[in-house]
Amino acid sequence: MEREQPWQAAAGSDREGAAGAAGAGPEDVPQGPLQGVRVVELAGIGPAPMAGMLLAELGADVVRIARPSAQVLHDLLARGKRELIVDLKRPQGVETVLGLAARADVLLEGYRPGVTERLGLGPDRVLERNPALVYGRMTGWGQHGPRATSAGHDINYLSITGALAAIGRAGGPPQVPLNLLGDFGGGSLYLVTGVLAALHHARATGEGQVVDAAIVDGVTHLSSMIWSERHHNGWRDERGSNLLDTGAPFYDVYETADGGWYAVGALEPQFYRQFVELLGAPEWAGRQHDRAGWDDMREAFAARFATRTRAAWDDVFSSTDACATPVLDWAEAEQDAHLRARDAHARTDGHTVPAPAPRFSRTPGRLAQPDPGDRDVLDDWGVGGAGEPDRVSVTGAR
């Protein structure tokens, strides 16, 4: 029987080991370190919903304001939130959201600059109702600047920061990464960091403020180490010519005999020596930083990896300090022994989902889904207007 994590009980996990969760009462369900924090999220796509999900998993009561015409799709980023469908084109709908914001600690929005102002939900009006509110704004370009009101997506934001130009192999074009880097790394995580810092300030002083989180700012800041390397350690702007961008043969991926791939990150001398010994290429042990020989080194490493299957190389490198690991796809990652030991995934509604991170020793995060219909959001928050036609429905978003 697998070890049950506290958040697994909260999720009603269908993994073995969570069977006892069904009898748990509300007082037994972990609430997370943000228990008692109220968040209004104006529904959108991408980084702002991800930020709301992170806050919900940390225990915040997140109410997502959705439009009546919004297409209903399964959205993992809605998990842990309650949903209120409101027509923001009608004055009653705007007033309903203002009423919620007056009782909230945080408001999140991810629209283009000026949209919430036109809706009557801009920061000036909302902070007038609730001076202690943290007003989190998530955009790609930021609230000002020549591109501020232009459309864009992750790849566009990466392209002007220098990050996209740095990703790829020497002599080839820039390579498009998943939107983990811009939307969620430079966007969601920076929005959450800013919101929590501003919330701490508001709790101490009673002063709310606007948090302007822009993906271009976040990605630029994520690049701090590279900028330092450029100034002090000779980082080259040419793709594939540096230690961490596939320039070094000992920090790259190699194809195995069965078409699998192996990742090598043997940077430190002691790890590199162990790697070349286990690979069967000890002749390269003393030439790690001989750049003139890197092309030949890469060919030698590739030839060695091509002699065995990925599973066979697992037998060689597993439980060593060679910093060589198999490249797993999503389905394989779900079954990986280490990730399973870490409970990195959970099962909810018959689907595998990533588990909350990080882990807390006293106030664990949660995967709990609000029970649809068991509590009315407006009544729960003390906001009048339960009979207004603008409020179409209240659900537990999944």
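Mapping of the sequence shown onto the UniProt record's numbering: position 246 corresponds to residue 246, and the numbering continues sequentially without gaps. Each residue gets a CB set at the ideal place from its N, CA and C atoms; glycine is no exception. Remember, predicted model here, so these are calculated numbers, not experimental data.
Cα-Cα separation between residue i and residue j, rounded to whole angstroms
i, j, result
"residue 77", "residue 278", "42 angstroms"
"residue 394", "residue 40", "Confidence at residue 394 is low in this model, with a pLDDT of 42, below 50, so its placement is unreliable and the value that follows should be read with caution. Each residue's Cα considered, the two are about 14 angstroms apart."
"residue 240", "residue 267", "16 angstroms"
"residue 69", "residue 94", "16 angstroms"
"residue 227", "residue 233", "10 angstroms"
"residue 190", "residue 238", "28 angstroms"
"residue 111", "residue 157", "16 angstroms"
"residue 381", "residue 100", "7 angstroms"
"residue 285", "residue 274", "9 angstroms"
"residue 372", "residue 379", "Low confidence applies here, because residue 372 scores a pLDDT of 49, under 50, leaving its location unreliable and the question unanswered by this model."
"residue 351", "residue 296", "46 angstroms"
"residue 384", "residue 365", "31 angstroms"
"residue 52", "residue 282", "51 angstroms"
"residue 126", "residue 235", "46 angstroms"
"residue 120", "residue 43", "16 angstroms"
"residue 338", "residue 367", "21 angstroms"
"residue 328", "residue 294", "26 angstroms"
"residue 161", "residue 209", "27 angstroms"
"residue 91", "residue 109", "19 angstroms"
"residue 321", "residue 310", "18 angstroms"
"residue 316", "residue 258", "16 angstroms"
"residue 122", "residue 98", "10 angstroms"
"residue 145", "residue 252", "38 angstroms"
"residue 360", "residue 116", "35 angstroms"
"residue 75", "residue 47", "13 angstroms"
"residue 292", "residue 260", "29 angstroms"
"residue 334", "residue 124", "46 angstroms"
"residue 229", "residue 159", "20 angstroms"
"residue 363", "residue 242", "42 angstroms"
"residue 176", "residue 319", "32 angstroms"
"residue 102", "residue 188", "24 angstroms"
"residue 64", "residue 216", "25 angstroms"
"residue 173", "residue 332", "29 angstroms"
"residue 312", "residue 62", "47 angstroms"
"residue 276", "residue 180", "32 angstroms"
"residue 231", "residue 118", "44 angstroms"
Outcome for residue i when other beta-carbon atoms lying within 10 angstroms are tallied against a minimum of 16
i, result
"residue 96", "buried"
"residue 178", "exposed"
"residue 89", "exposed"
"residue 45", "exposed"
"residue 202", "buried"
"residue 38", "buried"
"residue 141", "buried"
"residue 31", "buried"
"residue 129", "exposed"
"residue 288", "buried"
"residue 139", "buried"
"residue 224", "exposed"
"residue 290", "exposed"
"residue 204", "exposed"
"residue 308", "buried"
"residue 56", "buried"
"residue 170", "exposed"
Closest by C-alpha distance to residue i, when choosing among the options
i, options, result
"residue 346", "79, 306 and 159", "79"
"residue 149", "165, 214 and 171", "214"
"residue 341", "355, 350 and 328", "355"
"residue 152", "182, 359, 126 and 382", "182"
"residue 137", "145, 114 and 260", "114"
"residue 164", "155, 319, 143 and 265", "155"
"residue 265", "247, 146, 67 and 81", "247"
"residue 399", "60, 123 and 280", "Not covered by the structure: residue 399. The range shown for the chain is 1 to 398."
"residue 324", "314, 362 and 102", "314"
"residue 54", "361, 196, 269 and 260", "196"
"residue 193", "218, 180 and 176", "218"
"residue 220", "343, 166, 62 and 270", "166"
Residue i beta carbon near the ligand HEM (any heavy atom closer than 7 angstroms)
i, result
"residue 362", "As far as ligands go, the structure on display features none, and thus does not contain the ligand HEM."
Distance between beta carbons of residue j and residue i, contact taken as under 8 angstroms
i, j, result
"residue 34", "residue 58", "4 angstroms"
"residue 434", "residue 244", "The requested residue 434 does not occur in the structure, where the chain is confined to residues 1 to 398."
"residue 254", "residue 301", "6 angstroms"
"residue 306", "residue 348", "That belief does not hold up - the Cβ atoms of residue 306 and residue 348 are roughly 41 angstroms apart, past 8 angstroms."
"residue 222", "residue 186", "6 angstroms"
"residue 50", "residue 250", "Not quite, the Cβ-Cβ distance comes to about 34 angstroms (not below 8 angstroms), so this is no contact."
"residue 326", "residue 262", "6 angstroms"
"residue 86", "residue 135", "Not a contact, Cβ separation roughly 18 angstroms."
"residue 207", "residue 104", "Not a contact, Cβ separation roughly 15 angstroms."
"residue 82", "residue 377", "5 angstroms"
Go through the region 58-145 residue by residue and report every complete run of the alpha helix (DSSP H) that reaches 4 residues or more, in order. 91-102, 115-119 and 123-129
Which whole runs of the beta strand (DSSP E) in the region 218-288 are 3 residues long or more, in chain order? Here the runs fully enclosed are 251-255 and 261-265.
Just to confirm the assignment: which complete alpha helix (DSSP H) runs, minimum length 4, are found wholly within the region 172-220? 189-205
Give, in chain order, every unbroken run of the beta strand (DSSP E) that is at least 3 residues long and sits entirely within the region 325-353. With a minimum length of 3 residues, the continuous beta strand (DSSP E) runs that stay inside the region 325-353 are 345-348.
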